[in-house]
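*Asks:*
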Amino acid sequence: MGTALDIKIKRANKVYLCGEVLSGVVVITSKDAVQHQGVSLTMEGSVNLQLSAKSVGVFEAFYNSVKPIQVINSTIEMVKPGKLPSGKTEIPFEFPLHMKGNKVLYETYHGVFVNIQYTLRCDMRRSLLAKDLTKTCEFIVHSPPQKGKLMPSPVDFTITPETLQNVKERASLPKFFIKGHLNSTNCIITQPLTGELVVENAEAAVKSIELQLVRVETCGCAEGYARDATEIQNIQIADGDVCRSLSIPIYMIFPRLFTCPTLETTNFKVEFEVNIVVLLHDDHLITENFPLKLCRV
Amino acid sequence: RDTFPMDVAAFDSCRLEAVPVEFGDYHPLKPITVTESKTKKMGRKGSTSSTSSSSSSSMIDPLSSVLDGTDPLSLFAATADPVTTADTTRKKRDKDDSLVVGSDFEPWSSKRGEILARYTTTEKLSINLYMSSEKGKATTPGSAVSEKVRTRLEELDDLEEGSQKELLNLTQQDYMNRIEDLNQSLKDAWASDQKVKALKIVIQCSKLLSDTTVIQFYPSKFVLITDILDTFGKLVYERILSMCLDNRGSLPDNFTPESVNDTAKETCLNWFFKIASIRELIPRFYVEAAILKCNKFLSKTGISECLPRLTAMIRGIGDPLVAVYARAYLCRVGMEVAPHLKESLNKNFFDFLLTFKQMHGDTVQNQLVVQCVEIPSYLTLYSPAIDWILQCIAYRAPEDYINCAEVWVEYTCRHFTKREVNTVLADVIKHMTPDRAFEDAYPQLHSIIQKIITYFHDFSVLFSAEKFLPFLDMFQKESVRVEVCKCIMEAFIKHQQDATKDPVILNALLHVCKTMHDSVNALTLEDEKRMLASLINGFIKMVSFGRDFEQQLSFYVEARSMFCNLEPVLVQLVHSVNQLAMETRKVMKGNHSRKTAAFVRACVAFCFITIPSLTSIFARLNLYLNSGQVALANQCLSQGKIGVCFNCIIILSCQKTEYYYDQSRGCTRVIRKLLESIKAG
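Going down the list, the protein sequences come from chains R and W.
Sequential numbering of the first sequence, starting at 1, is according to the UniProt record's numbering.
Sequential numbering of the second sequence, starting at 1, is according to the UniProt record's numbering.
(1) According to DSSP, simplified to helix, strand and coil, what is residue 98 of chain R?
(2) Can you name, in chain order, every residue of its own chain whose Cβ lies under 6 Å from the Cβ of residue 12 of chain R, other than the five neighbours on each side?
(3) Could you please give the first and the last residue of the uninterrupted beta strand (DSSP E) stretch that includes residue 200 of chain R?
(4) Measure the alpha-carbon distance for residue 575 of chain W versus residue 533 of chain W and round it to whole angstroms.
(5) Using a 10 Å radius around the Cβ and a threshold of 16 neighbouring Cβ atoms, would you call residue 102 of chain W buried or exposed?
(6) I'd like to know whether the C-beta atoms of residue 185 of chain R and residue 208 of chain R end up nearer to each other than 7 Å.
(7) Would you decide whether residue 265 of chain W is buried or exposed? Buried here means 16 or more other CB atoms lie within 10 Å of its CB.
(8) Confirm, please, whether the CB-CB distance from residue 563 of chain W to residue 571 of chain W is below 7 Å.
(9) With 7 Å as the C-beta to C-beta threshold (strictly closer), list the residues of the region 421 to 442 of chain W near chain R in chain order.
(10) Give the interface partners of residue 290 of chain W over in chain R, defined as CB-CB distance under 8 Å, in chain order.
(11) Under a three-way DSSP split, which group does residue 320 of chain W fall into?
(12) Do you know how far the Cα of residue 295 of chain R is from the Cα of residue 252 of chain R?
(13) Could you check the C-alpha separation between residue 597 of chain W and residue 521 of chain W for me, to the nearest Å?
(14) Where does residue 305 of chain W sit, in a helix, a strand or coil, going by DSSP?
(15) Check this for me: beta carbons of residue 27 of chain R and residue 90 of chain R, under 7 Å apart or not?
(16) Nearest by alpha-carbon distance to residue 121 of chain R: which of R:127, R:136 and R:277 is it?
(17) What residue does the beta strand (DSSP E) around residue 135 of chain R start on, and which one ends it?
(18) Between which residues of its own chain and residue 382 of chain W is the CB-CB distance below 6 Å, once the five residues before and five after are set aside?
(19) Determine the direct distance from the alpha carbon of residue 267 of chain W to that of residue 298 of chain W, and round the result to whole angstroms.
(20) Can you find a C-beta in chain R that's less than 7 Å from the C-beta of residue 225 of chain W?
(21) Using DSSP with H/G/I as helix, E/B as strand and the rest coil, what is residue 175 of chain W?
(22) DSSP three-state call for residue 177 of chain R: helix, strand or coil?
(23) If you draw a straight line from the alpha carbon of residue 85 of chain R to that of residue 3 of chain R, how long is it in whole angstroms?
(24) In whole angstroms, give me the CA-to-CA distance for residue 98 of chain R and residue 76 of chain R.
(25) Determine, using beta carbons only, whether residue 587 of chain W and residue 556 of chain W come nearer to each other than 7 Å.
(26) By a C-beta neighbour count over all protein chains shown, 10 Å radius and 16 as the cutoff for buried, is residue 172 of chain R buried or exposed?
(27) Relative to the C-alpha of residue 9 of chain R, which residue among R:139, R:246 and R:201 is closest?
(28) Please check if any C-beta of chain W sits within less than 7 Å of the C-beta of residue 70 of chain R.
(29) Kindly indicate which residue of R:72, R:255 and R:273 has the alpha-carbon position closest to the one of residue 190 of chain R.
(30) May I have a chain-ordered list of the alpha helix (DSSP H) segments no shorter than 4 residues that lie completely inside the region 14 to 57 of chain R?
(31) Just to confirm the assignment, what range does the beta strand (DSSP E) spanning residue 248 of chain R have?
(32) When DSSP labels each residue in this structure, what does residue 231 of chain R get in the three-state scheme?
(33) Give the range of the alpha helix (DSSP H) segment to which residue 74 of chain R is assigned.
(34) Residue 375 of chain W: buried (16+ other C-beta within 10 angstroms of its C-beta) or exposed?
(35) Does any residue of chain W have a CB that is nearer than 7 Å to the CB of residue 187 of chain R?
(36) Using 10 angstroms around the beta-carbon of residue 344 of chain W, count the other beta-carbons present and answer buried if the total reaches 16, otherwise exposed.
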């Protein structure tokens with residue numbers, strides 16, 4: 001046998017916008033000449049929603065996943081049934097990424113309860129004796145730049161035992177005074193989240209300071225909707241008992257694929273937040289939450 | 001006559017270009033040959049700067065260096081050797097945009113060996129490697145089959161996902177071997193295209209740098225682990241570079257992002273994104289610093305933006321020892337890719353100073369108690385890192401450097417010995433020589449000399465500092481050089497109590513005096529000439545070879561040829577020689593042997609040869625009188641001599657000069673005295 005299918009997308013970064021043309025080549029490599037029943041290439045994009053177990057119950061969630069929302073779908077018949085020569089055969093393709101009417105091409109996003117994914121799948125059908133071949137390749141869609149100017153929204157914060165909520169025994173907390181700021185909670189997704197943090201004083205030694213990037217996914221289904229917050233990544237900005245009154249940079253790059261511009265639709269929502277987490281050596285954990293708005297410009 | 005008591009052949013065979021000193025030929029005025037071992041001049045590879053700076057100086061013979069560079073013949077000869085003409089290749093220091101450090105920068109490779117040798121331990125060490133599996137990121141529901149297969153295959157490797165390897169009770173040698181194994185695993189993983197595994201290895205190694213147990217070993221640990229980081233950085237860089245090559249051949253050293261193709265750029269970006277998502281601060285810092293150079297593929301400003309950010313990031317490291325070494329690593333990487341970006345280097349140092357108060361904090365104090373280490377030993381652990389950071393900061397920043405050096409020299413002079421002062425002098429020479437930086441720093445350099453001679457009154461100690469004369473050579477502007485020489489001579493005359501024949505002192509001071517003498521020309525003011533002459537005379541009067549009168553006379557003979565342009569010196573020499581003759585007579589109690597008689601005749605000859613070269617008639621007359629008296633006292637009854645004497649007087653008396661007429665009474669007195677002497681003898 002020894003036949004291989006491959007899809008090579010023209011752009012090195014595989015990123016396309018609505019309205020552009022997705023182009024590339026399908027490469028069929030074979031030691032011998034290949035007999036086949038047709039080669040087709042399907043481009044599809046869909047939103048997969050999962051219900052979280054806690055909102056609707058484990059079994060319900062397991063058996064009743066919401067049907068995927070199809071965003072875009074298109075198939076090309078590349079080669080009619082026949083025989084392909086041995087060696088390497090390259091077949092170019094083009095898919096215009098056009099949407100009808102008001103429909104929107106959502107940005108690629110790999111989440112926990114929401115998944116927006118765009119793929120190219122090449123299928124080579126073959127006779128009963130030989131197995132069908134298939135090759136899938138993901139490509140990335142970015143949403144168009146948002147209209148209107150981005151207004152920076154800087155936020156100052158001060159964390160002391162007094163400013164904490166949800167505290168049971170405030171008296172048992174060690175004294176501390178932490179302040180800082182985020183340069184903006186309206187963030188450009190291609191730029192890092194920035195700011196500064198200063199531990200002015202703390203009675204207990206600081207063990208770690210982290211930035212916890214959180215996705216908040218809301219999925220609707222017949223029974224209602226579920227809102228779940230899960231951690232995307234955790235970036236440590238301070239390790240050990242940092243010097244007092246010395247400003248420490250807050251800096252975090254938004255990971256590709258796992259973040260996308262803040263998205264709100266009729267069926268689902270994808271939002272983001274960041275928690276500044278301070279761990280003290282006596283195992284006290286202090287968290288300050290900041291909702292973010294991510295956008296692409 | 002003594003010969004050098006050594007088997008010369010054996011001696012030569014184990015030395016580089018040495019010339020043994022034979023004491024039999026010893027002469028105080030002969031240049032003392034310094035062993036010259038020529039330092040290897042390192043080529044500067046891939047340098048983009050179009051000019052060269054003078055390389056670090058090999059040890060030079062202090063007396064021959066007087067001829068260095070400034071006289072036309074030397075300049076002509078030097079055009080054949082591009083290294084020595086610093087003059088013609090001088091570039092403006094402010095616009096130094098050299099992208100590569102020159103050969104005057106002591107590289108890290110020469111420091112690592114020292115650190116490994118110095119920071120050792122007999123205590124047991126441990127290595128803790130935790131190969132994490134990817135958590136926190138959802139796996140894509142629709143991920144392709146091949147991806148799942150790959151993940152499973154990775155799990156079968158030695159360094160398994162989710163596995164924890166803890167190696168305990170390692171001796172230092174074991175530890176070093178294990179680290180070398182990791183280095184090799186890294187290279188193997190890379191070679192077999194397991195890039196993700198390679199990254200995990202380097203992340204784990206970086207984490208080892210957050211562990212400060214067995215703290216006295218930390219600097220060596222830093223050396224070993226940063227080797228791995230360097231390996232990784234180089235592998236990534238070269239991998240991306242190879243993607244740029246195509247069929248066009250290699251990229252030039254100073255390529256721009258425009259020449260980089262999209263695939264290479266995308267690969268590079270992937271690396272940066274991957275590293276940006278490393279959770280822990282210390283490995284994220286180290287790994288990003290290791291691939292700093294890869295910013296070149298993406299943008300022109302990448303490195304200059306990254307360096308300040310990484311510098312600020314270090315503030316998040318709570319342990320000051322770990323932090324200072326992180327700074328040293330950043331400086332090291334920074335110097336490799338962008339030595340001209342000084343801001344970050346300085347900021348690193350200032351941030352270190354700001355965090356110095358952490359020494360008194362709990363983190364440090366607890367560690368010291370737990371590990372039974374005293375603060376002084378603890379602080380020595382910092383010195384390689386600080387030394388490196390300061391070397392980077394001071395590189396080609398002569399103004400900052402010299403202002404600091406000037407102050408610190410005094411501290412060294414007060415509290416340390418000549419050895420440390422010599423080290424400081426050597427360092428100043430090293431920093432101020434490139435691009436002739438010394439030309440802008442004469443006031444500070446002069447001040448340094450002043451300070452040294454204020455605190456060191458034992459001149460044999462001072463001049464035996466081997467860098468003292470090379471330091472003086474930096475004063476290439478004659479007027480400044482002469483001023484410095486004057487200071488030295490004044491100090492000598494003021495503080496030197498006893499006469500000396502110490503060759504070290506004589507060697508040095510003859511060099512100094514000759515410098516002063518040679519600066520005299522037709523434009524020199526009389527006052528200046530008088531001042532210089534009196535300083536030289538002060539020196540001459542302090543030279544004594546004791547009973548070795550022959551050496552003494554030889555000294556005066558050489559001095560005469562050296563200081564021939566200053567009359568007062570010649571006058572002094574005549575007096576000194578006369579004195580020598582009279583001393584000889586005293587020792588011999590008035591009865592000369594054949595040898596001493598010949599000697600005193602030589603003395604008298606000296607005087608009668610020297611006196612005519614004087615211009616001052618009165619000086620000549622006086623000296624003739626003195627010399628004549630000495631000659632007679634020593635029974636130099638050669639009629640010729642007396643005749644010469646008389647002839648001179650007659651010639652002089654025939655000269656109708658105003659001076660003569662004014663001094664006519666004096667002249668008569670001289671003649672009368674001489675006749676009396678002859679009559680008495």
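The beta-carbon is built from N, C-alpha and C at its ideal position, and this holds for glycine as well.
*Replies:* According to the data block:
(1) As a working mapping, residue 98 of chain R is identified with position 98 in the first sequence. Here DSSP, grouped into helix, strand and coil, assigns residue 98 of chain R to coil.
(2) Taking the first residue of the first sequence as 1, we reach residue 12 of chain R at position 12. If we look at residue 12 of chain R and ignore the five residues flanking it on each side, it has no Cβ neighbours.
(3) Working through the first sequence from its first residue, we reach residue 200 of chain R at position 200. Looking at the DSSP string, the run of the beta strand (DSSP E) that includes residue 200 of chain R is 193 to 202.
(4) Looking up residue 575 of chain W in the second sequence gives position 575. Looking up residue 533 of chain W in the second sequence gives position 533. Each residue's Cα considered, the two are about 15 Å apart.
(5) By 1-based counting over the second sequence, the position of residue 102 of chain W is 102. Counting Cβ neighbours within 10 Å, residue 102 of chain W comes out buried, since at least 16 surround it.
(6) Translated into the one-based positions of the first sequence, residue 185 of chain R becomes position 185. Translated into the one-based positions of the first sequence, residue 208 of chain R becomes position 208. Against a cut-off of 7 Å, the Cβ pair of residue 208 of chain R and residue 185 of chain R comes out as no contact.
(7) Taking the first residue of the second sequence as 1, we reach residue 265 of chain W at position 265. Looking at its Cβ environment, which holds 16 or more other Cβ atoms inside 10 Å, residue 265 of chain W is buried.
(8) Start at 1 with the first residue of the second sequence, and residue 571 of chain W comes out as number 571. Start at 1 with the first residue of the second sequence, and residue 563 of chain W comes out as number 563. Going by C-beta atoms, residue 571 of chain W is not nearer than 7 Å to residue 563 of chain W.
(9) Answer set for the region 421 to 442 of chain W: empty.
(10) Working through the second sequence from its first residue, we reach residue 290 of chain W at position 290. Residues of chain R passing the Cβ test: none, with the nearest at roughly 17 Å.
(11) Taking the second sequence and counting its residues from 1, the one referred to as residue 320 of chain W is at position 320. Looking at residue 320 of chain W - three-state DSSP - the assignment turns out to be helix.
(12) Within the first sequence, numbered from 1, the residue matching residue 252 of chain R stands at position 252. Within the first sequence, numbered from 1, the residue matching residue 295 of chain R stands at position 295. So the two alpha carbons sit approximately 16 Å from each other.
(13) Here residue 597 of chain W is taken as the residue at index 597 of the second sequence, counted from 1. Here residue 521 of chain W is taken as the residue at index 521 of the second sequence, counted from 1. Taking the straight line joining both Cα atoms gives about 39 Å.
(14) Residue numbering aside, residue 305 of chain W sits at position 305 when the second sequence is read from its first letter. Note: residue 305 of chain W maps to helix in three-state DSSP.
(15) As a working mapping, residue 27 of chain R is identified with position 27 in the first sequence. As a working mapping, residue 90 of chain R is identified with position 90 in the first sequence. Their beta carbons are under 7 Å apart, which means residue 27 of chain R touches residue 90 of chain R by this criterion.
(16) Along the first sequence, read from residue 1 onward, the residue named residue 121 of chain R stands at position 121. Of the candidates R:127, R:136 and R:277, the one whose C-alpha sits nearest the C-alpha of residue 121 of chain R is R:136.
(17) Translated into the one-based positions of the first sequence, residue 135 of chain R becomes position 135. It spans 133 to 142 - the beta strand (DSSP E) in which residue 135 of chain R sits, taken as one unbroken run.
(18) Residue 382 of chain W sits at position 382 when you count from the first residue of the second sequence. The residues are 324.
(19) Stepping through the second sequence from its first residue, residue 298 of chain W is reached at position 298. Stepping through the second sequence from its first residue, residue 267 of chain W is reached at position 267. Each residue's alpha carbon lies about 10 Å from the other.
(20) Taking the second sequence and counting its residues from 1, one reaches residue 225 of chain W at position 225. It does not: the Cβ of residue 225 of chain W has no partner Cβ on chain R nearer than 7 Å.
(21) Reading the second sequence from its first residue, position 175 is the one you call residue 175 of chain W. If DSSP states are grouped into helix, strand and coil, residue 175 of chain W belongs with the helices.
(22) Position 177 of the first sequence holds residue 177 of chain R. Reduced to three states, the DSSP call for residue 177 of chain R is strand.
(23) By one-based count along the first sequence, residue 85 of chain R stands at place 85. By one-based count along the first sequence, residue 3 of chain R stands at place 3. Distance between the alpha carbons of residue 85 of chain R and residue 3 of chain R: 11 Å.
(24) Against the first sequence, residue 98 of chain R aligns to sequence position 98. Against the first sequence, residue 76 of chain R aligns to sequence position 76. Those two C-alpha atoms are separated by around 15 Å.
(25) Residue numbering aside, residue 587 of chain W sits at position 587 when the second sequence is read from its first letter. Residue numbering aside, residue 556 of chain W sits at position 556 when the second sequence is read from its first letter. Contact: no.
(26) The sequence position of residue 172 of chain R within the first sequence is 172, counting from 1. When all chains shown are included, residue 172 of chain R counts as exposed.
(27) Stepping through the first sequence from its first residue, residue 9 of chain R is reached at position 9. Out of R:139, R:246 and R:201, R:139 has the C-alpha closest to the C-alpha of residue 9 of chain R.
(28) Counting from one through the first sequence, the residue named residue 70 of chain R turns up at place 70. No, no contact with chain W.
(29) Position 190 of the first sequence, counted from the start, is the residue given in the question as residue 190 of chain R. Of the listed residues, the one whose Cα sits closest to residue 190 of chain R is R:255.
(30) 53 to 56
(31) Indexing the first sequence from 1 puts residue 248 of chain R at position 248. Segment 247 to 252, the beta strand (DSSP E) holding residue 248 of chain R.
(32) What you label residue 231 of chain R is simply residue 231 of the first sequence in a count that begins at 1. DSSP places residue 231 of chain R in strand when its eight states are reduced to three.
(33) Along the first sequence, read from residue 1 onward, the residue named residue 74 of chain R stands at position 74. From DSSP, residue 74 of chain R is part of no alpha helix (DSSP H) but of the beta strand (DSSP E) over 69 to 79.
(34) By one-based count along the second sequence, residue 375 of chain W stands at place 375. Residue burial annotation: residue 375 of chain W is exposed, with fewer than 16 other C-beta atoms found within 10 angstroms of its C-beta.
(35) As a first step, residue 187 of chain R must be located in the first sequence, where it is residue number 187. Not closer than 7 Å to any Cβ of chain W, the Cβ of residue 187 of chain R fails to qualify, so no.
(36) On the second sequence, position 344 is the one that residue 344 of chain W refers to. So residue 344 of chain W ends up on the buried side.
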